[in-house]
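S.K.:
In this note's numbering, the protein residues as written are 207 to 1064.
1) Any idea what DSSP makes of residue 218, helix, strand or coil?
2) Around the Cβ of residue 593, are there at least 16 other Cβ atoms within 10 angstroms (buried) or fewer (exposed)?
3) Tell me the DSSP bridge mates of residue 165?
4) Please report whether the beta-carbon of residue 933 lies at a distance below 8 Å from any beta-carbon of chain B.
5) Sort out for me which residues DSSP pairs residue 783 with in a bridge.
6) With H, G and I counted as helix, E and B as strand and the rest as coil, what does DSSP make of residue 309?
7) Give the C-beta separation of residue 730 and residue 747 to the nearest angstrom, bearing in mind that I take them to be a contact with Cβ-Cβ under 8 Å.
8) Could you tell me which whole alpha helix (DSSP H) segments of length 4 or greater appear in the segment 523-610?
9) Quick one: complete beta strand (DSSP E) runs, 3+ long, within the segment 405-440?
10) Look up residue 502 in the DSSP assignment and say whether it is helix, strand or coil.
11) Please classify residue 224: is it buried, with 16 or more other beta-carbons within 10 angstroms of its beta-carbon, or exposed?
12) Please list, in chain order, all residues of the same chain as residue 494 whose beta carbon is under 7 Å from its beta carbon, the five residues on each side excluded.
13) Please state the DSSP three-state secondary structure of residue 1062.
14) Can you grab the Cα-Cα spacing for the pair residue 428 / residue 390, in whole Å?
15) Taking the continuous beta strand (DSSP E) assigned at residue 237, which residues delimit it?
16) Does the separation of the CB atoms of residue 334 and residue 467 fall below 8 Å?
17) I'd like to confirm the pairing. Which residues does DSSP put opposite residue 839 in its beta bridges?
18) Scan the segment 911-952 and note each continuous alpha helix (DSSP H) run of 4 residues or more that stays entirely inside, going in chain order.
19) Whole angstroms are fine: how far does the CA of residue 822 sit from the CA of residue 836?
20) If you follow the alpha helix (DSSP H) that residue 982 is part of, which residue opens it and which one closes it?
21) To the nearest whole angstrom, what separates the beta carbons of residue 1024 and residue 570, a pair I think is in contact under 8 Å?
22) By DSSP, does residue 857 sit in helix, in strand, or in coil?
23) Measure the CB-CB distance between residue 1071 and residue 584 and report whether it falls below 8 Å.
24) Beta-carbon separation of residue 765 and residue 971 under 8 Å?
25) Report the residue ranges of all beta strand (DSSP E) runs contained in full by the segment 457-485; include only those spanning at least 3 residues, in chain order.
26) In this structure, does DSSP put residue 316 in helix, strand or coil?
27) Residue 534 and residue 541 look like a contact to me (Cβ under 8 Å); what is the Cβ gap, rounded to whole Å?
28) Provide the residue span of the alpha helix (DSSP H) that contains residue 272, from first to last.
29) If we ignore side chains and look at the alpha-carbon of each, how far apart do residue 753 and residue 839 end up?
30) Report the rounded CA-to-CA distance for residue 770 versus residue 789, giving the unit in angstroms.
31) Between 874, 716, 842, which has its C-alpha nearest residue 935's C-alpha?
32) Quick check on DSSP: helix, strand or coil for residue 706?
33) Buried or exposed: where does residue 1064 fall if 16 or more other Cβ atoms within 10 Å of its Cβ makes it buried?
34) Tell me which same chain residues have a C-beta within less than 6 Å of the C-beta of residue 603, skipping the five on either side of it?
35) Three-state secondary structure (DSSP) at residue 1054?
36) List the whole-angstrom C-beta distance separating residue 831 from residue 924, where the pair is believed to meet the contact cut-off of C-beta under 8 Å.
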């Protein structure tokens, strides 16, 4: 006997080929019609696509309908959640995935019920930790489409920690296999039910009656009746939870196939569309910055401030997260929408960044007031560290030192200012920097310039002050999840001696561990002095044609590739001499074909010249070279990558971070399965780190917002980081690398990414492969080093240095927040390694939560 479950639903891309506001009006029409039908037909049920942001969008213009919505959601007839938005899985952090589910549950609970199925029908692949993430929310089944090859509809999906969920695989048509059945010939229904019955191991067939942005078809009852008339078939208009329950009961005790890890294959079953990893790279960079400000700074700094008597700004943090998550739908963060959508995305990112930075600033200013004021003549600063490990190394500090009012005859009493400044004579030089016990800290003045400050007051307009902005490099020692106070003295400079200085010459940077030398073509040779391995031609640029679309990379049939050797007008300049930090700028021009030819089969003969500026920095004692690369993009229809040697002749696997895991992937692309709908690719996702090499030599690369890498074979294996992928269409149907369209064939000139783009990353040569937790820690040090607050000290008399919380150094801290009841600090950690951690014996692959009561803070 075959049981057919007909599920009425819509798939709602909040913004895609139309903007959010344009789609919203269609959403209002849809929900109005669904509510009317729910009230007219007692047996009707409807799925609102597994996300709850649509409820908010609808109620903003139909607030009077809230009670109607609540009544049908509570009754289980209008199914909503468990997500807030339907996200991409690889381009957002693991923490963002958890917050997405948390907010989705919170919004759905407000209306009475959460759909208890892990419904993820359309993301472009799935992260390895999704089984554990779903389990944390009581969800024991996943319904998905992309990333998994043909096979049975029912399998187990197992995460790195052994967590399992029942995986129910949508058919090759995805979530619309019953869309047209109500008005198609009976033979089509017979064919569909027969094919799906063959895929099922237990006689349970799912017919998804819906697709993107459609209202429920009026002929659903007719479809159910027709299915009931088929031999050996029962049918009903049901729900996804009912389908899951029926499958679970039917497979009890059965030996189902087990799928493990991330899902990024199955091109014979459905498009994966991996080109979205690097489409509109500027979106990924803005997302990384906003996530980092929330996760690394605004939340943990607010917890540290709260532990010392400050307020915890829950409302602002919730607002920032909600706004950020509204940029995480797969058509938004992936960059595969019309230009107007992504213009709005960037405005949202700006709002998140501004809110998070203000929260961070207030929390750090509160911490700065917890230490005693400096002795006369000194400027006391606070160095705050939200990393789970102690920071020992060189960091950059900016001191804004006011010397007079910029408003003639005007001043404000210092006690009326929110952050009273310390006035320092205009001609005073930094003489020394001392730690909390009076011990000297090494320092180096990097730059000095004039600026205007605005001292804020609740009772007066901002007071304009003339000031000097001094950038310092400091050799710091800061406890984990805490802070330390340092004092800056002015007078004749007397910096502490540096035992292992870094030095710069005309074409090189060198410290005790590394030496970077600029070649004639602007590339760098990097010597690891510990192993004597020379990594040749680092930072070589590679440019090739791309006649694909926002979803899929596609080189032209007659491609013209441009390598770094084509660079011209190479110029070098020393920016910083040492001894704590040395820097060099390398500028050159890279001529590339200006666009694709009119027939898109090759690249044009006309050239566009791309100005490139590389700034490389090396600190004393550092084992990584930090790089900022800026390029002015003046070409179209191309992909620009930077190549980084691994030092190994061949690389079989690379490790890169993903949600709550360090994932090991084959270095080479898998062969195309029979009847593949698109070509498998060698490119793969990362969030902050990729490591490749062999057992004795390799390279770890840490990135800021770059999200695609590839291992490129040759005489020496190299890592390629995608900087720009520039295309002009949302979708095309003439690609050699994919069958047909993946969306509407609309022009998207903004996806050509014209203008200036700046990228930041770091190279760390290594011998044996580093431990997983060490890679996460190094990435955190690079991306979020301690921050310095000038003019610290208040009425309090707290210790000059302290650690307020402890996470452990062999786990990774994912979140530091206040508990919902306001009684404790919550640390979410995970163990990416293969051995149990010392911190609470967190098992390999496991995500764990530690609560610390407020009174436990020193």
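Every residue gets a Cβ at the ideal spot worked out from N, C-alpha and C, and that includes glycine.
M.R.: If we stick to the structure as given:
1) Residue 218 falls in the coil class under three-state DSSP.
2) The residue in question, residue 593, is buried, as its Cβ has 16 or more Cβ neighbours within 10 Å.
3) Not covered by the structure: residue 165. The range shown for the chain is 207 to 1064.
4) Included in the structure is just one protein chain, with no chain B present.
5) According to DSSP, which records beta bridges pairwise, residue 783 is partnered with 788.
6) For residue 309, the three-state secondary structure derived from DSSP is helix.
7) The pair is not a contact, with the Cβ atoms about 12 Å apart (cut-off 8 Å).
8) With a minimum length of 4 residues, the continuous alpha helix (DSSP H) runs that stay inside the segment 523-610 are 536-539, 545-574.
9) Runs of the beta strand (DSSP E) lying entirely within the segment 405-440 and spanning at least 3 residues, in chain order: 410-415.
10) Helix at residue 502.
11) With 16 or more other Cβ atoms within 10 Å, it is buried.
12) For residue 494, where only same-chain residues beyond five positions count, the Cβ hits under 7 Å are 910, 911.
13) Caution is warranted here: a pLDDT of 43 is assigned to residue 1062, below 50, making its placement in the model unreliable, and no coordinate value can be reported.
14) Their Cα atoms are separated by approximately 11 Å.
15) Looking at the DSSP string, residue 237 is not in any beta strand (DSSP E); the run it does join, the alpha helix (DSSP H), is 226-246.
16) The answer is yes: Cβ separation under 8 Å.
17) Beta bridge pairing from DSSP links residue 839 with 961.
18) For the segment 911-952, not a single whole alpha helix (DSSP H) run of length 4 or above is found.
19) Whole-angstrom Cα-Cα distance: 12 Å.
20) For residue 982, the enclosing alpha helix (DSSP H) begins and ends at 978-989.
21) The distance from the Cβ of residue 1024 to that of residue 570 is about 17 Å, inconsistent with a contact at the 8 Å cut-off.
22) Coil, per DSSP.
23) The question about residue 1071 has no answer, for the chain in this structure spans 207 to 1064.
24) No.
25) Listed in chain order, they are 464-466.
26) Three-state result, residue 316: helix.
27) The C-beta separation of residue 534 from residue 541 comes to about 12 Å, leaving the pair out of contact by the 8 Å criterion.
28) Residue 272: member of the alpha helix (DSSP H) spanning 272-280, first to last residue.
29) One C-alpha to the other measures close to 17 Å.
30) Looking at the two C-alpha atoms, the distance is approximately 21 Å.
31) Taking the Cα of residue 935 as reference, the smallest distance to any Cα among 874, 716, 842 is reached at 842.
32) In this structure, residue 706 counts as coil in the three-state DSSP scheme.
33) Residue confidence is low: residue 1064 scores 42 on pLDDT, short of 50, so the model does not pin down where it sits. Its coordinate-derived value is still stated next. By the 10 Å Cβ count, residue 1064 comes out exposed.
34) 678, 680, 994.
35) Residue 1054 falls in the strand class under three-state DSSP.
36) Their Cβ separation, rounded to whole angstroms, is 16 Å, which puts residue 831 and residue 924 out of contact at 8 Å.
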